[in-house]
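Residue numbers (this note's numbering), protein chains in the order written: chain A, 1 to 265; chain B, 1001 to 1241.
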């Protein structure tokens, strides 16, 4: 582990490096020391029952959730954290956090597209406001991305007029517009009707095949087995087991994972 | 002494004296100035009040709760009397204690202050509710993309709160235009006061009070039309349109 902040990420160094991550909500500890390393090009799936801490872990990576303890290094640079009055850690350098967030694409369970903007405007917003793209550049990029997720014809529609699957594909396009180095997916298909799940998974699979670094919280076990290089099984705020899909699903060690695997079969 | 009794309605309402039409319109203009200035300052107070109430510390929140609770529970008429009569006394005591010259509060300033304070208190609550109605995920999405807090407010929060806030804000504007009538008690020549003067001078009470009522109605109708256009604009993308 390299802790020097000025050193650029090397190939043998994880782009996401989390050590000893703990998080308490109102005195209840939901993360009890999570370690997670993602190397460039890796796809990691976080699985586990509800309340196991997988979404909270993901949300701590870009500090949408303030961790209570632990260290987070992204792209070889540790996040500067300091304790705040609530007992959680908070960012010491807001500009550093914004720079890092711009390189981490996040896809939410509820899509979270902005309702007052058309699809195209949703996608153009962050590149124009954060990366200072011109309107023309941002629009060209948005059109290319909408084409890619199969929504070019819907570019002028507002989110409320679209199906959940279409909204989620647009939300993926929105985070891709920032050209992120790591994509974080927080249960991207959990809010979708069953028949809409496949179209979203196909887009995510396409991204995995491009060699993008991704961390995916999911309940789609078949999908996790297909796309992930590494699967981490979380249970009660700890990483209970991690390994390849074959190890996790074919040869689970712990009692809890055996139960989990048999319950979803 | 003019003989108003035998004058026709057209002559009574004529813009040039001895008609009173011009005086009524001047009164209306003053009313609109007070309402407009008070409302705009109220928007500034209410907007910042709402943001501070949501993101400020406990002390700021308590102070703001005191402000909104007090102002919303005291009748506007009492507030006007307080600010016009008691306000200058207190202010001048403070100024003379500091060795500064006395000042006088004009009815215009008192009027704008009262409308702004009252509107600010109500707008704080309207805007706070509208901000809290925005799904937290929409703001998280903006934060996760690296947007700055002010950019998020300008590009996401503000346009998303307007559809919820505008019906309340348009109500408050109508209330502001009519609260100006209360300034008649401090001798401010707004529409209601001049209408009463016209009525008392000419003894044509029904005519002039109805004329004033009609002018208030016209203001409301035009305001409604403008606010409806604004609502249609900010509601684009909403599923219920």
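Where is the CB? At the ideal position from N, CA and C, for every residue including glycine.
- Residues are counted here when their Cβ sits less than 8 Å from a Cβ of chain A; for the region 1139–1160 of chain B these are 1140, 1141, 1142, 1143, 1144, 1145, 1146, 1147, 1148, 1151, 1155, 1156, 1159, 1160, given in chain order.
- Residue 62 of chain A is positioned such that its CB atom lies closer than 8 Å to that of residue 1144 of chain B.
- Taking the Cβ atoms as the reference, residue 189 of chain A lies roughly 23 Å from residue 41 of chain A, outside the contact range of under 8 Å.
- Taking C-beta atoms under 8 Å as the contact rule, residue 58 of chain A and residue 46 of chain A qualify, at a distance of about 7 Å.
- Taking CB atoms only, residue 1238 of chain B has a neighbour in chain A less than 8 Å away.
- The closest CA to that of residue 15 of chain A, considering only A:24, A:77, A:65, is found on A:77.
- For residue 124 of chain A, the uninterrupted alpha helix (DSSP H) run begins and ends at 119–129, by DSSP.
- Flagged as an interface residue toward chain B: residue 108 of chain A, by a C-beta distance shorter than 8 Å.
- For residue 234 of chain A, the CB contacts under 8 Å within the same chain, skipping 5 residues up- and downstream, are 34, 46, 47, 48, 52, 53, 54, 57, 240 in chain order.
- Just so you know, the alpha carbons of residue 1199 of chain B and residue 1187 of chain B end up roughly 16 Å apart.
- Bounds of any alpha helix (DSSP H) do not take in residue 1154 of chain B, whose DSSP letter is neither H nor E.
- For residue 252 of chain A, no beta strand (DSSP E) encloses it, and the DSSP letter there is neither H nor E.
- Per DSSP, the beta-bridge partners of residue 28 of chain A are A:25.
- The alpha-carbon separation between residue 1089 of chain B and residue 1096 of chain B amounts to approximately 10 Å.
- In this structure, B:1234 is the residue among B:1038, B:1034, B:1234, B:1104 with its C-alpha nearest to the C-alpha of residue 1155 of chain B.
- Secondary-structure assignment with DSSP links residue 241 of chain A through a beta bridge to A:233.
- Ranked by Cα distance from residue 36 of chain A, the first of A:243, A:248, A:256, A:262 is A:243.
- In this structure, the beta-carbon distance from residue 131 of chain A to residue 168 of chain A does not fall below 8 Å.
- In the three-state DSSP reduction, residue 1238 of chain B falls in the coil class, being neither helix nor strand.
- Judged by DSSP in its simplified three-state form, residue 1017 of chain B adopts coil rather than helix or strand.
- In terms of Cα proximity to residue 238 of chain A, the closest of A:17, A:18, A:30 is A:30.
- Around residue 1131 of chain B, the same chain offers 1050, 1054, 1157, 1161 as residues with beta carbons nearer than 7 Å, after the five sequence neighbours per side are excluded.
- At a cut-off of 8 Å, the C-beta of residue 187 of chain A has no neighbouring C-beta in chain B.
- Taking C-beta separations shorter than 6 Å and ignoring five residues to either side along the sequence, the partners of residue 20 of chain A in its chain run 33, 70, following chain order.
- Against chain A, the CB of residue 1137 of chain B has a partner CB under 8 Å away; the residue lies at that interface.
- For residue 178 of chain A, a Cβ of chain B is located within less than 8 Å of the residue's own Cβ.
- With its beta carbon at least 8 Å from every one in chain B, residue 235 of chain A lies outside the interface.
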